[in-house]
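Notes to accompany the following structure.
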Ligand SMILES: *Cc1c(COP(=O)(O)O)cnc(C)c1O
């Protein structure tokens, strides 16, 4: 297929603007296809994809294992609803339980959803029911944290500008500064039903907490009896070089939520609750027509198998370290540094120029994401090679120069939100 066969990007953008609600604005590029870590736009231009659909396309694009699994499953049976069970969902739930290891803690029980926000809705229902059963009246989450856009998940999202227009929500959420274990300790008492935490704040700019924060949160929850809910929707499935980010501190949550990279591009989410917490939601308490459908489950199994078979945890750790070192080695007045772990990095700028850097990177053939005024996200496929990482870091000085010229010429533009 060549660019000539496709409707051009400019025409698609115009039609998009007319047909869709204006909640996203009009994205800058219409993507037509992808292969590995490369994507092509509707005009046939190639880009190295360093954002992977927001940390979702963990195997890259059109990976044969994913294509095979999805195609075979769609040909066999694509949907059953929760009125009937099917083998792919059972295999996936068992696989997730095994990955979350019973050996140093109680086994998990799984709920399958279609997205991250839905996985968090399940965790929130567990937390609310736990609270009502035990006389615990409030929840704790973090400032600038992101847990999704549906009303339950939104109630936990720590960005007032996106939360407050849609509140109040019917349950109390207290927000604490992220990364401050003392503030967390002060906020959580025996009336607290649950603490919701990201292991590193993703949407806030790939902001890791100080070492020991997750372990401290685990201790605080143990001491007070609050549920410890880890939102690993962005951080898990190899993103940081381990299956789950909590493994870096071995601070096991009571409930964990997954989505994004799990399906490799197919929509699926999961909420796993451990021990007795896995039985808090009783028959009739929750459900989903599409959640854990055979195609999504088959895709997730292919993702997990491929990560295992191809050593992609090790690749994420090694190539991620190389990527960070390459960025650190760049000396430029716009560049303040790099943070994060594995193939999940925030490029930090000295000023609010992330949109200009994103645009300059795009012009140079690299897709990255301005997610804060002064921070860009890199979350490439876990299959990224060292050579591809080096191609980006070699181009970075010229990208920053171009961004600086653009900022000087025109001022900065608006940051795009998830
Ligand atoms: C993306 C994200 C969500 C929401 O997931 P969706 O699939 O967009 O609904 C929730 N929590 C975190 C940490 C995320 O990164």
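Residue numbers (the working numbering): 109 to 526.
The beta carbon of each residue, even a glycine, is placed where N, CA and C say it ideally should be.
Under three-state DSSP, which class holds residue 155?
Taking the first residue of the chain shown as position 1, residue 155 is located at position 47. Residue 155: strand per DSSP, three-state reduction.
Compare the Cα-Cα distances from residue 167 to each of 459, 493 and 358 and report the closest residue.
Counted from its first residue, the chain shown places residue 167 at position 59. Considering only alpha carbons, the answer is 493.
Let me check one thing: in DSSP terms, what residues is residue 246 bridge-paired to?
Looking up residue 246 in the chain shown gives position 138. 280 and 300.
Cβ of residue 483 versus every heavy atom of ligand 1: is any distance shorter than 7 angstroms?
Counting from one through the chain shown, the residue named residue 483 turns up at place 375. Flag unset: Cβ of residue 483 not near ligand 1.
Quick one: what does DSSP say residue 288 is sitting in, helix, strand or coil?
Working through the chain shown from its first residue, we reach residue 288 at position 180. Residue state, collapsed to three classes: coil.
Heavy atom of ligand 1 less than 7 angstroms from the Cβ of residue 367, yes or no?
The residue you call residue 367 lines up with position 259 of the chain shown. Correct: residue 367 has its Cβ closer than 7 angstroms to ligand 1.
Residue 314, enclosing beta strand (DSSP E) - first and last residue
Translated into positions along the chain shown, residue 314 becomes position 206. That residue, residue 314, is in no beta strand (DSSP E); it is neither H nor E in DSSP.
So, helix, strand or coil for residue 476, using DSSP?
The residue you call residue 476 lines up with position 368 of the chain shown. Residue state, collapsed to three classes: coil.
How about residue 339: is its Cβ closer than 7 angstroms to a heavy atom in ligand 1?
Translated into positions along the chain shown, residue 339 becomes position 231. Answer for residue 339: yes, Cβ within range of ligand 1.
Beta-carbon proximity check, residue 450 vs residue 424, cutoff 8 angstroms
For this step, residue 450 is matched to residue 342 along the chain shown. For this step, residue 424 is matched to residue 316 along the chain shown. Yes. Within cutoff.
Is residue 166 a contact residue of ligand 1, with contact defined as CB to any heavy atom under 7 angstroms?
Residue 166 sits at position 58 when you count from the first residue of the chain shown. Not so, every heavy atom of ligand 1 lies at least 7 angstroms from the Cβ.
Would you give the residue range spanned by the alpha helix (DSSP H) that residue 471 belongs to?
The count along the chain shown starts at 1 and reaches residue 471 at position 363. Looking at the DSSP string, the run of the alpha helix (DSSP H) that includes residue 471 is 462-471.
Would you mind reading off the limits of the beta strand (DSSP E) that contains residue 126?
Within the chain shown, residue 126 is the residue found at index 18, counting from 1. Looking at the DSSP string, residue 126 is not in any beta strand (DSSP E); the run it does join, the alpha helix (DSSP H), is 117-127.
Less than 7 angstroms separating the Cβ of residue 251 from some heavy atom of ligand 3?
This structure does not include ligand 3; its bound ligands are ligand 1.
Any non-hydrogen atom of ligand 1 closer than 7 angstroms to residue 354 Cβ
On the chain shown, residue 354 is found 246 positions in, with the first residue counted as 1. Because no heavy atom of ligand 1 lies under 7 angstroms away, the Cβ of residue 354 does not count as near it: no.
Under DSSP, the alpha helix (DSSP H) around residue 219 begins and ends at which residues?
In the chain shown, counting from the first residue as 1, residue 219 sits at position 111. Per DSSP, residue 219 belongs to no alpha helix (DSSP H); it is in the beta strand (DSSP E), 216-221.
DSSP three-state label for residue 357, please.
Locating residue 357 in the chain shown gives position 249, counting from the first residue. Coil.
Decide yes or no for the touch test of the region 349-367 against the region 221-240: beta carbon pairs closer than 8 angstroms, at least 3 of them.
yes
Just the C-alpha distance for residue 514 and residue 464, rounded to the nearest angstrom, thanks.
For the purposes of this step, residue 514 is taken as residue 406 along the chain shown, with counting starting at 1. For the purposes of this step, residue 464 is taken as residue 356 along the chain shown, with counting starting at 1. Answer to the nearest angstrom: the Cα atoms are 7 angstroms apart.
Can you tell me whether residue 520 is helix, strand or coil according to DSSP?
The sequence position of residue 520 within the chain shown is 412, counting from 1. Unreliable positioning characterises residue 520 in this predicted model, as indicated by a pLDDT of 49, which lies under 50. The coordinate reading is nonetheless provided below. Three-state result, residue 520: coil.
Short check: CB of residue 221 to CB of residue 369, under 8 angstroms?
Here the question's residue 221 lines up with position 113 in the chain shown. Here the question's residue 369 lines up with position 261 in the chain shown. No, Cβ-Cβ distance for residue 221 and residue 369 is not below 8 angstroms.
Run through DSSP, which three-state label would residue 254 get?
Against the chain shown, residue 254 aligns to sequence position 146. In the structure shown, residue 254 sits in coil (DSSP, three-state: anything other than H, G, I, E or B).
Close beta carbons around residue 323, own chain, < 8 angstroms, minus the five adjacent residues each side
Here residue 323 corresponds to residue number 215 of the chain shown, with the count starting at 1. Closer than 8 angstroms at Cβ, skipping near neighbours: 357, 358 and 359.
Stretch pair the region 320-338 + the region 498-517: three plus CB contacts closer than 8 angstroms
no
Tell me, please, whether the region 423-438 touches the region 374-394 by the rule of three or more beta-carbon pairs shorter than 8 angstroms.
no
What's the gap between the Cα of residue 489 and the Cα of residue 242?
Here residue 489 refers to the residue found at position 381 when the chain shown is read from its first residue. Here residue 242 refers to the residue found at position 134 when the chain shown is read from its first residue. In a straight line, the C-alpha of residue 489 is about 43 angstroms away from that of residue 242.
Any heavy atom of ligand 1 closer than 7 angstroms to the CB of residue 311?
The residue labelled residue 311 in the question sits at position 203 within the chain shown. Checking the Cβ of residue 311 against ligand 1 gives yes.
Give the secondary structure of residue 147 by DSSP, where H, G and I count as helix, E and B as strand, and everything else as coil.
Here residue 147 refers to the residue found at position 39 when the chain shown is read from its first residue. Strand, per DSSP.
Residue(s) in a DSSP beta bridge with residue 351
In the chain shown, the residue the question calls residue 351 occupies position 243. Bridge partners of residue 351: none, in fact.
With distances taken Cα to Cα, identify the nearest neighbour of residue 252 among 411, 284 and 206.
Against the chain shown, residue 252 aligns to sequence position 144. The shortest C-alpha separation from residue 252 is found at 284.
Does the contact criterion of 3 or more C-beta pairs under 8 angstroms hold for the region 471-479 versus the region 115-131?
no
Could you have a look at residue 512 and say whether DSSP puts it in helix, strand or coil?
Indexing the chain shown from 1 puts residue 512 at position 404. Of the three classes helix, strand and coil, the one that applies to residue 512 here is helix, per DSSP.
If you follow the alpha helix (DSSP H) that residue 339 is part of, which residue opens it and which one closes it?
Along the chain shown, read from residue 1 onward, the residue named residue 339 stands at position 231. No alpha helix (DSSP H) contains residue 339, which is instead part of the beta strand (DSSP E) from 335-339.
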